[in-house]
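K.L.:
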Amino acid sequence: MTASSQPVFRFAPSPNGRLHLGHAYSALINRTLADETGGRLLLRIEDIDRVRCTPALEAAMIGDLDWLGVRFDPPLRRQSEHFDTYRALLDRLVEMNIAYPAFLSRGALSTRIAEAEAGGQPWPRDPDGAPIYPPDDKHLDAKERRTRIAAGEPFAWRLDMEAALKTTGTRLTWRENGKGPGNETGLIAADPMAWGDVVLARSDTPTSYHLSVVADDAAQKISHVVRGQDLFHATAVHRLLQVLLGLPEPQYRHHALVRDATGRKLSKSDNDTALAALRDSGSTPSDIRSQLGVG
Ligand code: GLU
């Protein structure tokens with residue numbers, strides 16, 4: 332197998348809490364697929380949130396993966412060490428005139444939504460249920476933008492979704508080897524418009540989840556993205572950014588989520604399913620593998 336045809340997988344957790352059974356499932360599936368295809372599995376630490384992600388949590392996360400017996404191929408990539416790469420990609424989107432500074436604070440947006448909804452007008456939501464950003468700021472003129480930025484007003488860079496889709500002009504698709512939440516599979520028509528003007532970067536962080544994930548999948552030459560179904564719809568934004576920035580297109584496989592006894596998706600704040608807690612109460616790595624039916 333030549334280096335370029337060798338599949339490359341990744342597991343990309345955020346060290347903002349302890350890993351739970353859902354992370355274990357995703358890591359084990361990635362390792363199994365890499366082993367079955369003669370591929371490599373890389374570990375990426377998604378730590379752009381410099382407040383919630385800490386070195387202690389990263390060390391605990393790596394310890395948990397080690398205990399579980401998931402082996403990673405070098406090198407490890409830590410997103411906090413690549414802010415310059417993300418900033419350069421952001422600058423390109425700004426130069427293409429498809430990104431704009433958005434000044435509405437979270438509080439001001441909530442007030443707007445509450446007012447609209449009190450008047451009987453439902454506010455449009457993205458596939459995760461978050462409110463779509465209103466179009467106000469994208470129509471500000473260049474002079475007002477400069478004045479407000481110079482005055483130190485906080486802002487986020489957002490993608491002008493309409494303008495971005497005009498630039499690509501093509502029908503965006505991706506190859507889904509797994510299943511979406513509605514059993515979507517095969518060639519999927521991407522619908523990035525459903526997300527509205529997504530955040531590309533914030534005043535204190537020169538990137539966002541969407542921007543850094545496509546930058547890193549390209550930098551690490553990931554050929555197969557295997558992750559939870561909760562990120563199925565976000566793939567539409569990733570495909571758009573890949574086309575805008577001329578980055579390669581990986582194949583995708585979204586897997587089912589591990590759920591708790593009530594059917595809810597696991598969360599890092601729920602300690603019962605944390606690998607550390609399971610280990611402390613006597614579970615072994617092979618108990619966890621058989622409970623998850625993988626590895
Ligand atoms: N960092 C994300 C998470 O922990 C995963 C990102 C991805 O796999 O694309 O949910």
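Quick note on the numbering used here: the sequence shown kicks off at 332 and runs consecutively. Just so it is clear, CB atoms sit at the ideal spot from N, CA and C, and this is done for glycine as well. All values derive from a computational prediction rather than experimental measurement.
(1) Are the Cβ atoms of A355 and I619 separated by less than 7 Å?
(2) Taking buried to mean at least 16 other C-beta atoms within 10 Å of its own C-beta, is P581 buried or exposed?
(3) Mind checking whether S598 and I379 have CB atoms under 7 Å apart?
(4) Closer than 6 Å to a non-hydrogen atom of the ligand GLU - does that hold for the CB of R477?
(5) Let's see if you can read the secondary structure: which residues bound the beta strand (DSSP E) around A433?
(6) Does the distance between the C-beta of V544 and the nearest non-hydrogen atom of the ligand GLU fall short of 6 Å?
(7) Taking 7 Å as the cut-off, decide whether the C-beta atoms of N347 and R383 are in contact.
(8) Report yes if the CB atom of H586 is closer than 7 Å to the CB atom of V568, and no otherwise.
(9) If you draw a straight line from the C-alpha of R423 to the C-alpha of N602, how long is it?
(10) Hey, would you say the C-beta of S617 is under 6 Å away from at least one heavy atom of the ligand GLU?
(11) Determine whether the beta carbon atoms of A430 and L496 lie at a separation below 7 Å.
(12) When the Cβ atoms of the region 407-418 are set against those of the region 447-462, are three or more pairs found closer than 8 Å?
(13) Nearest-angstrom Cα distance between V425 and I393?
(14) Could you tell me whether the Cβ atoms of A439 and W488 are closer together than 7 Å?
(15) Consider the C-beta atom of A343 and the heavy atoms of the ligand GLU; say whether any pair is separated by less than 6 Å.
(16) Since I553 is in the beta strand (DSSP E), which residue starts that stretch and which ends it?
(17) Where does the unbroken beta strand (DSSP E) through G517 begin, and where does it stop?
(18) Return the Cβ separation of R584 and G509 in integer angstroms, given the expectation that the two are a contact with Cβ distance under 8 Å.
(19) Anyone know if the C-beta pair for L420 and L576 falls short of 7 Å?
(20) I'd like to know whether the C-beta atoms of G626 and L374 end up nearer to each other than 7 Å.
(21) If you draw a straight line from the alpha carbon of P523 to that of T536, how long is it in whole angstroms?
P.N.:
With the structure as the only source:
(1) Yes; because the gap between Cβ atoms is below 7 Å, this pair is in contact.
(2) Looking at its Cβ environment, which holds 16 or more other Cβ atoms inside 10 Å, P581 is buried.
(3) No, the Cβ-Cβ distance between S598 and I379 is not below 7 Å.
(4) No, since every heavy atom of the ligand GLU falls outside the 6 Å radius drawn around the Cβ of R477.
(5) From DSSP, the beta strand (DSSP E) with A433 extends over 430-433.
(6) The answer is yes for V544.
(7) R383 is positioned such that its CB atom lies closer than 7 Å to that of N347.
(8) Contact: no.
(9) About 42 Å.
(10) Incorrect: S617 has no Cβ contact closer than 6 Å to the ligand GLU.
(11) Going by C-beta atoms, A430 is not nearer than 7 Å to L496.
(12) Put simply, the region 407-418 does not touch the region 447-462. Fewer than three CB pairs are less than 8 Å apart.
(13) Whole-angstrom Cα-Cα distance: 36 Å.
(14) At least 7 Å separates the beta-carbon of A439 from that of W488.
(15) A343: yes, Cβ under 6 Å from the ligand GLU.
(16) From DSSP, I553 is part of no beta strand (DSSP E); its letter is neither H nor E.
(17) Boundaries of the beta strand (DSSP E) around G517: 517-520.
(18) Contact holds; Cβ gap of about 4 Å.
(19) The answer is yes: Cβ separation under 7 Å.
(20) Taking 7 Å as the Cβ cut-off, G626 and L374 do not qualify as a contacting pair.
(21) If you take the alpha carbons of P523 and T536, they lie about 23 Å apart.
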